[in-house]
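Engineer: This is the structure I want to talk about, given as structure tokens.
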Amino acid sequence: MAPREPPGPAWRPRGRPLPARIRGRELQRRRARLFAKFPCCVTCAARGQVALATIRDHTIPLAEGGRDDESNEQALCADCSETKTRAESARGVARAFHARRAGRGAGQC
Ligand SMILES: [Zn+2]
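For any residue, its number in this note's numbering is found by taking its place in the sequence shown, counting from 1, and adding 1.
Here it is as structure tokens:
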């Protein structure tokens, strides 16, 4: 059995494969189970608001080392998912920038 990969930093070097992602019927089953348990958006609920959850979100994005399992999923509404995704995209751009910069060596731009 291969050793489990440690969580590591929030960035991943370019070209490193992402963990396997759940798809198809298994994904639909997990979504149904999540929304049965958490029908409302957890982010809205934390603000005292109520919104129907429609997105199965990875609390820690797969690109940042999160797992595609129940321990790393949350129910979000479309608006909160979009806001979170924008923030994750910005971090991804920053990771790519720093990875390219690190690849060129210290002191170079
Ligand atoms: Zn929300």
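C-beta atoms are modelled at their ideal positions from N, C-alpha and C, and glycine is treated no differently.
Quick check: the Cα distance between L63 and D69, rounded to an integer number of angstroms?
Structural biologist: Residue mapping note: residue 63 aligns to position 62 of the sequence shown, counting from 1. Residue mapping note: residue 69 aligns to position 68 of the sequence shown, counting from 1. Using only the alpha carbons, I get a separation of about 7 Å.
Engineer: Excluding sequence positions up to five away, which residues of its chain have a Cβ less than 8 Å from the Cβ of P40?
Structural biologist: Walking along the sequence shown from the start, residue 40 turns up at place 39. The residues are L53, A54 and A76.
Engineer: Quick one: what does DSSP say A21 is sitting in, helix, strand or coil?
Structural biologist: Along the sequence shown, one-based indexing puts residue 21 at 20. The answer is coil: DSSP assigns A21 none of H, G, I, E or B.
Engineer: Among all residues, which have a Cβ less than 6 Å from at least one non-hydrogen atom of ligand 1, and in what chain order do they fall?
Structural biologist: Having a Cβ closer than 6 Å to some heavy atom of ligand 1 are C42, T44, C45, A52, L77, C78, D80 and C81.
Engineer: Out of curiosity, what's the CA-to-CA distance linking P4 and K38?
Structural biologist: Along the sequence shown, read from residue 1 onward, the residue named residue 4 stands at position 3. Along the sequence shown, read from residue 1 onward, the residue named residue 38 stands at position 37. Summary for P4: the model assigns pLDDT 49, below 50, so the residue's position carries little reliability; its value from the coordinates is reported in the next sentence. Rounded to the nearest angstrom, the two C-alpha atoms are 33 Å apart.
Engineer: Leaving aside the five residues before and after T133 along the sequence, list all residues of the same chain whose C-beta is less than 6 Å from its C-beta, in chain order.
Structural biologist: This structure cannot speak to residue 133, because the chain is shown only from 2 to 110.
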